[in-house]
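K.L.:
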Ligand code: PBG
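In the numbering used here, the protein residues as written are 392 to 715.
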């Protein structure tokens with residue numbers, strides 16, 4: 392069918408037609424809100440490079456979580472700022488560590504909230520790398536046990552799901568078997584399967600105080616130039632027992648989201664990261680773009696590319712916008 396018989400504009404002429412044929416939608420239930428938890432009381436420290444995002448003490452975190460539920464956002468992912476850091480990142484799996492405390496309190500105050508935890512060492516190591524070191528190298532195999540202990544400590548504290556973001560080889564199977572041996576068969580793993588060594592993480596590293604003290608993360612995070620390798624990484628995580636595959640960052644990697652969607656049956660998540668958020672916020676503050684519309688269009692593009700779940704600092708704002 393060709394013009395003039397076929398006119399695409401026929402179905403664009405009013406909002407009823409447009410909404411009738413709309414292919415992609417956003418639902419607050421599919422959004423995950425990242426939260427940064429710090430020691431202390433009544434602490435609400437703004438992150439300067441991420442307007443609207445705060446480092447929160449546990450009491451404030453509970454309020455924030457409730458405000459998520461109030462707008463229909465049912466899931467959060469926790470990042471911790473420990474009191475002390477050390478070479479092995481031992482704060483990551485401390486029984487009464489900052490994240491472990493936060494999980495317990497959140498599950499008490501908001502039992503309906505899904506609490507996901509980021510499993511990584513970089514916020515807990517004094518050198519800022521995502522694993523322990525051997526010389527100046529991140530030692531893959533000794534890190535695995537620490538990650539598994541971290542995931543287990545989160546599960547014991549009551550986490551609903553764990554999300555390893557370290558990019559060590561073999562960590563999904565190590566975490567799965569440790570959880571299973573300890574009767575946590577039902578805790579899903581959302582694997583940061585395809586995580587690129589990205590400059591878009593800059594503001595997060597301010598927020599979580601986890602910039603590497605030397606070198607960079609390119610010996611474990613992926614090269615932004617590669618897409619076939621993304622499929623290999625995802626295949627490994629599927630075989631190791633991941634329940635959800637994540638791509639990170641999101642907008643510069645929409646093609647990767649689409650490839651994972653087409654190649655695998657597992658749910659796909661995408662992390663719209665700190666730098667992606669900060670750019671929209673900054674341009675909106677300058678009045679150069681309409682922040683709400685760019686936010687909605689961006690998150691929709693991530694869903695259209697194939698993501699089921701979006702982790703985003705916009706979760707609450709987007710949910711409010713959807714409520715009208
Ligand atoms: C920790 C981790 C990072 C992010 C999530 N988990 C930082 C990094 O790998 O350097 C980035 C999130 C964001 O930028 O919003 N490994």
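All C-beta atoms in this analysis are idealised placements derived from N, C-alpha and C, irrespective of residue type, glycine included. What you are looking at is a predicted structure, and each value in this text was computed from that prediction instead of being measured.
Pairs of beta-carbons, one from the stretch 596–607 and one from the stretch 620–631, closer than 8 Å: are there three or more?
P.N.:
With the cut-off at 8 Å, the stretch 596–607 and the stretch 620–631 do not touch.
K.L.:
Note down the Cα distance separating residue 688 from residue 416, rounded to an integer number of angstroms.
P.N.:
Cα to Cα, residue 688 sits roughly 11 Å from residue 416.
K.L.:
As an exercise, report each continuous beta strand (DSSP E) stretch of at least 3 residues that is fully enclosed by the stretch 555–610, in chain order.
P.N.:
Correct list: 581–586.
K.L.:
How far does the beta strand (DSSP E) with residue 533 in it extend, from its first residue to its last?
P.N.:
First-last for residue 533: 531–548, but that is the alpha helix (DSSP H), not the beta strand (DSSP E).
K.L.:
First and last residue of the alpha helix (DSSP H) that includes residue 666?
P.N.:
Segment 665–676, the alpha helix (DSSP H) holding residue 666.
K.L.:
Rounded to a whole number of angstroms, what is the C-alpha to C-alpha distance between residue 588 and residue 614?
P.N.:
For residue 588 and residue 614, the distance between alpha carbons rounds to 6 Å.
K.L.:
Per the contact definition of three or more C-beta pairs closer than 8 Å, is the stretch 443–450 in contact with the stretch 503–518?
P.N.:
No, the stretch 503–518 is not in contact with the stretch 443–450.
K.L.:
Comparing alpha-carbon positions, which option in 557, 421 and 478 lies nearest residue 511?
P.N.:
Selected option, being the one with the closest Cα: 557.
K.L.:
Does the pairing of the stretch 486–503 with the stretch 537–551 give three or more beta-carbon distances under 8 Å?
P.N.:
These segments touch.
K.L.:
Could you give the residue range of the beta strand (DSSP E) that holds residue 505?
P.N.:
505–510 is the span of the beta strand (DSSP E), which, as asked, contains residue 505.
K.L.:
Who pairs with residue 488 in a beta bridge, going by DSSP?
P.N.:
BP columns for residue 488 are empty, so no partner.
K.L.:
Within the same chain, show all residues whose beta-carbon is closer than 8 Å to that of residue 698, passing over the 5 residues directly before and after it, in chain order.
P.N.:
Closer than 8 Å at the Cβ level, and outside the excluded window around residue 698, lie 638, 641, 648, 652, 659, 660 and 661.
K.L.:
When you compare only the Cα positions, how much space is there between residue 461 and residue 422?
P.N.:
Those two C-alpha atoms are separated by around 14 Å.
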